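What follows is a short report on a single structure.
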Amino acid sequence: MVLLLIVAIDSNYDWLIILGLAIGIISVFLAYLSRSRHKENVWVECKNRKTKSTFEDVKKSIDEYNDYKASGDTEYKYIAHYFVSASGFVENALKLANDNNVICYEYKNQTFEKVQYWK
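For the sequence shown, the numbering used here begins at 13 and goes up steadily by one.
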């Protein structure tokens, strides 16, 4: 196909047109390659129970997240850590989450609301 385009073009600037077509084809290929290789994920722990999520729940999630990162496995690239609880958190669980950059959400009033440790 490219050969047909080269033969059909008849001007003094053939090289410029060919260069433009080559850059266009290369850019489409690189965009496809980038999209298929660059994926980001988040680590999410969810608890749906009647009691508030405890320090131990949050600690277990943090330990599992850190263990995955330490394992050297590169299948998933986690960029954030979330903990979602339907019934809320005890205070020391929120402090632990805050200290370890875990973003916490609570299900309230039919929506998920971000909760933070109050200092």
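Cβ atoms here follow ideal geometry from the backbone N, Cα and C, with glycine treated the same way. From a predicted model like this one, the values you see are computed outputs, not experimental measurements.
From the options, pick the residue whose C-alpha is nearest to that of residue i; which is it?
i: Lys51; options: Ser73, Lys89 and Ser97; result: Lys89
i: Ile91; options: Cys58, Lys64, Asn78 and Thr66; result: Asn78
Between which two residues does the beta strand (DSSP E) holding residue i run?
i: Lys1; result: Here the chain comprises residues numbered 13 to 131, so residue 1 is not present and cannot be evaluated.
i: Val56; result: Asn53 to Lys59
Would you list the one or two residues that DSSP bridges to residue i?
i: Phe124; result: Tyr119
i: Phe101; result: Ser65
i: Val96; result: Cys58 and Tyr117
Quick check: the Cα distance between residue i and residue j, rounded to an integer number of angstroms?
i: Leu28; j: Ala43; result: 22 Å
i: Leu16; j: Ser46; result: With a pLDDT of only 44 at Leu16, under the threshold of 50, the placement of this residue in the model should not be trusted; the figure read from the coordinates follows. Taking the straight line joining both Cα atoms gives about 29 Å.
i: Val56; j: His93; result: 6 Å
i: Gly84; j: Asn53; result: 16 Å
i: Glu103; j: Cys116; result: 12 Å
i: Gly32; j: Thr86; result: 37 Å
i: Glu76; j: Glu118; result: 21 Å
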